[in-house]
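Undergrad: Numbering (the numbering used here), first residue to last: 473 to 1042.
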């Protein structure tokens, strides 16, 4: 910055010289130019624009000497040029340059600053539609006079923060209500208005129970919630019901399902606007806890899965093989090659793909259930895959590993998301909510993850080594067992612990139906009444019983034993 008194000092020096006389030929009565005063004295100009400078020649006392011309020069024409009349023109580059005024050898410099001028501002997206309680970032890019891109320095203002607010970084957050507002993005003299609409979008129909299993003449009631994109209920939504098998079951406008005298399978169609889902209905004998058959076959049988067509798949960890049968025959022998150390298993809800966790290598093997042919595996950054689970609609597959729970979207082989979890041996997916439950063997707890919001909760398993985990078909109760511990339960809505049930077996596998809870482990199999949590029956086969798979319609369960046997429970 140039001191304003500099020219005054220079004038005093000139005045002192003149008072002493001299041989310059100027008489004491003549007016002698002593300095040049430039205005403005701290000039700045924006890129590509002009600024008028004025140079005034003064005598030693600072008085203006009229009629004297001043010439002008710039020290850097890349930043600014100046004409003979002192009109400065920025040529584009940013920075500082000295502009010099001259009158017959008397010079005066001034520092000119060239500042940025924005000529264009681009914001994407140009319009924004958000579901309530969601957020999205605006991307803003400015362009200055010389075409330089600028990515920061913009301001963001919401016209109605109650509808949607915006952060200094341009992240727009929709609030809980609905409505419209405008986000104004500004830089320099340019502003762009982005219209924002916040709305509630019906996304999912949550129906409980997810499968209706009735005896002839039995009744059950379907409970339906219309959920938005975050899994929040939309109050007041209109819902319709229709039986797709009216000869087997009927359904009232209130969702009351009534079975006829016959037996078989059908479905109830539930609709809400454009949303539609079908709820499977089975009328016949339901699982009560009877050990129907034991299949004795050599092997260390660990993983087990059952699909909607009554196909049963099991894995032999000792021989790295897989086997399959049907509930009707329960005769194994259709052996095919499995992955290294096949562990937890699951079948896609459409029955087309078998998923098998691998004991190492960070992958999940996949097979066509129609041909047993190998499909491209799911891969992840972990090592051992202990367990696999799928959502009821098949849109997401979850994998429990030694370090994370990985989520895959249907048709993809690499994770779309992940959640931390230490040695996740078992997984359970909520039947209607965007929730997955992971039993952490080393952590002695069950952890709940919301895959839409990433919110999480933990349920203590008493510090024991957590094993099986399951959610009741109505989605209200969480069950978990641990090695040597009791059968624990929690209210999913409140997170409150419910009374625990002591076990006579060391719990490993766990399966839940509307009426029964099945625990398998070291020491046998225990079956409990789901309503009273009293023991219905206990079976005591030798060996370590590992996993329980319940059929999608809750008619039967299959339990594996590492000591050669597989059990069918009706």
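Positions of the beta carbon are idealized from the N, C-alpha and C atoms, including for glycine. It should be emphasised that the depicted structure is a prediction, and the values quoted were computed from it without experimental measurement.
For the 8 angstroms Cβ check, are there 3 or more pairs between the stretch 655-669 and the stretch 583-603?
TA: The answer is yes - the stretch 583-603 touches the stretch 655-669, with three or more Cβ pairs under 8 angstroms.
Undergrad: Spatial neighbours of residue 493 within its chain, please: CB distance less than 7 angstroms, with the 5 preceding and 5 following residues excluded, ordered by chain position.
TA: Walking along the chain shown from the start, residue 493 turns up at place 21. Low per-residue confidence applies at residue 493: pLDDT is 39, beneath 50, and the placement is therefore not dependable enough to give any value.
Undergrad: What's the C-alpha gap between residue 947 and residue 982?
TA: Reading the chain shown from its first residue, position 475 is the one you call residue 947. Reading the chain shown from its first residue, position 510 is the one you call residue 982. Cα to Cα, the separation comes out at about 16 angstroms.
Undergrad: Rounded to whole angstroms, what is the Cα-Cα separation between residue 743 and residue 927?
TA: If you number the chain shown from 1, residue 743 lands on position 271. If you number the chain shown from 1, residue 927 lands on position 455. Approximately 29 angstroms, taken between the alpha carbons.
Undergrad: Keeping to the same chain, check which residues put their C-beta closer than 7 angstroms to that of residue 761; ignore five residues upstream and five downstream.
TA: On the chain shown, residue 761 is found 289 positions in, with the first residue counted as 1. Counting only Cβ-Cβ distances below 7 angstroms, and skipping sequence neighbours, we find 988, 999, 1008, 1009, 1041.
Undergrad: Apart from the five residues just before and just after residue 500, which ones in its own chain have a Cβ nearer than 7 angstroms to its Cβ?
TA: Walking along the chain shown from the start, residue 500 turns up at place 28. Low confidence applies to residue 500: its pLDDT is 37, below 50, so where it sits in the model is not reliable enough to give any reading.
Undergrad: Using alpha carbons as the reference points, say which of 911, 922, 925 lies closest to residue 941.
TA: Residue numbering aside, residue 941 sits at position 469 when the chain shown is read from its first letter. Residue 911 is the option with its Cα nearest to residue 941.
Undergrad: I'd like the span of the beta strand (DSSP E) that includes residue 1033, first residue to last.
TA: Reading the chain shown from its first residue, position 561 is the one you call residue 1033. That run of the beta strand (DSSP E) goes 1029-1033.
Undergrad: Given residue 745, which residues of its chain have a CB within under 7 angstroms of its CB, disregarding the five upstream and five downstream residues?
TA: For the purposes of this step, residue 745 is taken as the residue at position 273 of the chain shown. So the qualifying residues of the chain are 674.
Undergrad: Would you call residue 919 buried or exposed, if buried means 16 or more other Cβ atoms sit within 10 Å of its Cβ?
TA: Numbered from 1 along the chain shown, position 447 holds the residue referred to as residue 919. Per the 10 Å Cβ criterion, buried.
Undergrad: Between the C-alpha atoms of residue 815 and residue 683, what's the straight-line distance to the nearest angstrom?
TA: Position 343 of the chain shown, counted from the first residue, corresponds to residue 815. Position 211 of the chain shown, counted from the first residue, corresponds to residue 683. Looking at the two C-alpha atoms, the distance is approximately 27 angstroms.
Undergrad: Hey, would you say residue 841 sits closer than 9 angstroms to residue 819, going by beta carbons?
TA: On the chain shown, position 369 is the one that residue 841 refers to. On the chain shown, position 347 is the one that residue 819 refers to. For residue 841 and residue 819, yes; Cβs fall inside 9 angstroms.
Undergrad: Can you tell which of 748, 897, 647, 588 has its C-alpha closest to the C-alpha of residue 607?
TA: As a working mapping, residue 607 is identified with position 135 in the chain shown. Here the closest residue by C-alpha is 647.
Undergrad: May I ask which residues mark the beginning and end of the beta strand (DSSP E) holding residue 684?
TA: Locating residue 684 in the chain shown gives position 212, counting from the first residue. First-last of the beta strand (DSSP E) with residue 684: 683-686.
Undergrad: Report all residues from its chain with a CB closer than 6 angstroms to the CB of residue 518; omit the five preceding and five following residues, and keep chain order.
TA: Your numbering for residue 518 matches position 46 in the chain shown. For residue 518, where only same-chain residues beyond five positions count, the Cβ hits under 6 angstroms are 587, 589.
Undergrad: Using a 10 Å radius around the Cβ and a threshold of 16 neighbouring Cβ atoms, would you call residue 770 buried or exposed?
TA: For this step, residue 770 is matched to residue 298 along the chain shown. By the neighbour-count rule (16 or more Cβ atoms within 10 Å), residue 770 is not buried but exposed.
Undergrad: As a quick exercise: from 905, 863, 930, pick the residue whose alpha carbon is nearest that of residue 894.
TA: On the chain shown, residue 894 is found 422 positions in, with the first residue counted as 1. Nearest C-alpha to residue 894: 930.
Undergrad: Does DSSP classify residue 736 as helix, strand or coil?
TA: Translated into the one-based positions of the chain shown, residue 736 becomes position 264. Strand.
Undergrad: Using CA atoms only, rank isn't needed, just tell me which of 865, 843, 834 is closest to residue 872.
TA: Taking the first residue of the chain shown as position 1, residue 872 is located at position 400. Residue 872 has its Cα closest to that of 834, out of 865, 843, 834.
Undergrad: CB-CB under 6 angstroms to residue 934, same chain, minus the five flanking residues each way: which ones, in chain order?
TA: Start at 1 with the first residue of the chain shown, and residue 934 comes out as number 462. Around residue 934: 957.
Undergrad: If you follow the beta strand (DSSP E) that residue 817 is part of, which residue opens it and which one closes it?
TA: Walking along the chain shown from the start, residue 817 turns up at place 345. Start and end: 814-819.
Undergrad: Thinking just about the alpha-carbon of each residue, which of 739, 710, 719 is nearest to the one in residue 725?
TA: Walking along the chain shown from the start, residue 725 turns up at place 253. It is 710 whose Cα lies nearest to the Cα of residue 725.
Undergrad: Determine the DSSP secondary structure at residue 495, reduced to helix, strand or coil.
TA: As a position in the chain shown, residue 495 is number 23, starting the count at 1. In this prediction, residue 495 has a pLDDT of 39, which is less than 50 and means its spatial position is unreliable; what the coordinates show is noted afterwards. Three-state DSSP puts residue 495 in coil, outside helix and strand.
Undergrad: Cα separation between residue 797 and residue 767?
TA: Your numbering for residue 797 matches position 325 in the chain shown. Your numbering for residue 767 matches position 295 in the chain shown. Going from the Cα of residue 797 to the Cα of residue 767 covers about 11 angstroms.
Undergrad: Pull up the CB-CB distance for residue 831 and residue 813, whole angstroms please, since I reckon it's below 8 angstroms.
TA: As a first step, residue 831 must be located in the chain shown, where it is residue number 359. As a first step, residue 813 must be located in the chain shown, where it is residue number 341. Correct: roughly 3 angstroms between the Cβ atoms.
Undergrad: Which residue or residues does DSSP assign as beta-bridge partners of residue 570?
TA: By one-based count along the chain shown, residue 570 stands at place 98. DSSP, once it has assigned bridges, lists 583 as partnering residue 570.
Undergrad: Quick check on this structure: which residue in 596, 609, 591 has the alpha carbon closest to the alpha carbon of residue 620?
TA: Indexing the chain shown from 1 puts residue 620 at position 148. Closest option to residue 620, Cα to Cα, is 591.
Undergrad: Beta-carbon separation of residue 899 and residue 870 under 9 angstroms?
TA: On the chain shown, residue 899 is found 427 positions in, with the first residue counted as 1. On the chain shown, residue 870 is found 398 positions in, with the first residue counted as 1. Yes, these two residues count as a Cβ contact at 9 angstroms.
Undergrad: Please state the DSSP three-state secondary structure of residue 446.
TA: Missing from the structure shown is residue 446; the chain here goes from 473 to 1042 and no further.
Undergrad: Taking 6 angstroms as the limit between beta carbons, can you name the residues of its chain near residue 801, skipping five residues before and five after?
TA: Locating residue 801 in the chain shown gives position 329, where the first residue counts as 1. So the list is empty, once near-sequence residues are dropped.
Undergrad: Hey, quick one: how far does the beta strand (DSSP E) through residue 624 stretch, first residue to last?
TA: Stepping through the chain shown from its first residue, residue 624 is reached at position 152. Taken as a continuous stretch (DSSP letters only), residue 624 belongs to no beta strand (DSSP E), as it is neither H nor E.
Undergrad: Can you name, in chain order, every residue of its own chain whose Cβ lies under 7 angstroms from the Cβ of residue 1014, other than the five neighbours on each side?
TA: For the purposes of this step, residue 1014 is taken as residue 542 along the chain shown, with counting starting at 1. Closer than 7 angstroms at Cβ, skipping near neighbours: 1035.
Undergrad: Taking residue 1026 as part of the beta strand (DSSP E), name the residues at either end of that continuous run.
TA: In the chain shown, residue 1026 corresponds to position 554, counting from 1. Counting along the chain, residue 1026 falls outside any beta strand (DSSP E), and DSSP gives it neither H nor E.
Undergrad: Comparing C-alpha positions only, which one of 559, 549, 552 sits nearest to residue 511?
TA: Within the chain shown, numbered from 1, the residue matching residue 511 stands at position 39. Comparing Cα positions, the closest option is 559.
Undergrad: At which residue ranges does the stretch 608-670 contain complete beta strand (DSSP E) runs of 3 or more residues, listed in the order of the chain?
TA: Runs found: 611-616, 627-630, 636-638, 643-646, 651-659.
Undergrad: Compute the Euclidean distance between the alpha carbons of residue 627 and residue 570, then round it to the nearest angstrom.
TA: In the chain shown, the residue the question calls residue 627 occupies position 155. In the chain shown, the residue the question calls residue 570 occupies position 98. Whole-angstrom Cα-Cα distance: 33 angstroms.
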